[in-house]
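Reading through the structure tokens given below for one structure.
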Amino acid sequence: MEEASKTELFRKELRKRLFQIVLKTYGWSNARLVHETNTAERALEKDVQDVLSTEREQGMSSRPPSTIFGMRAFLEAARLHFAR
Numbered sequence: 001m002e003e004a005s006k007t008e009l010f011r012k013e014l015r016k017r018l019f020q021i022v023l024k025t026y027g028w029s030n031a032r033l034v035h036e037t038n039t040a041e042r043a044l045e046k047d048v049q050d051v052l053s054t055e056r057e058q059g060m061s062s063r064p065p066s067t068i069f070g071m072r073a074f075l076e077a078a079r080l081h082f083a084r
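Numbering (the UniProt record's numbering), first residue to last: 1 to 84.
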């Protein structure tokens, strides 16, 4: 009887440790996705800002400020796409 109790206690402890590992892995994988999405979003925003800056420097940018809002909508759509 004591052997069965030890075995059950061991199994219970093992299940607990495995569950903790699964939770840590799940948390890590979700954080990784968020980090990669944020990194990609920042890189995309920087690229767009570089293009806009170059256009301004060359006198090519004749777009009114409202296009900036259109660009923000584009960036938001891209961010949502990467979030999937």
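Yeah, the Cβ is synthetic: ideal placement off N, Cα and C, and Gly gets one too. The structure presented is a predicted model; accordingly, all values stated were derived computationally and were not measured.
Relative to the alpha-carbon of residue i, which residue among the options has its alpha-carbon at the smallest distance?
i           : options          : result
A77         : A31, T37 and S53 : T37
R79         : A40, E57 and D47 : A40
residue 102 : D47, L33 and R11 : Nothing can be reported for residue 102, as the shown portion of the chain is limited to 1 through 84.
F74         : D47, R56 and G59 : D47
Q) Unbroken alpha helix (DSSP H) runs of length 4 or more, entirely within the region 1-68: which are they? A) Within the region 1-68, the complete alpha helix (DSSP H) segments at least 4 residues long are 2-58, listed from N- to C-terminus.
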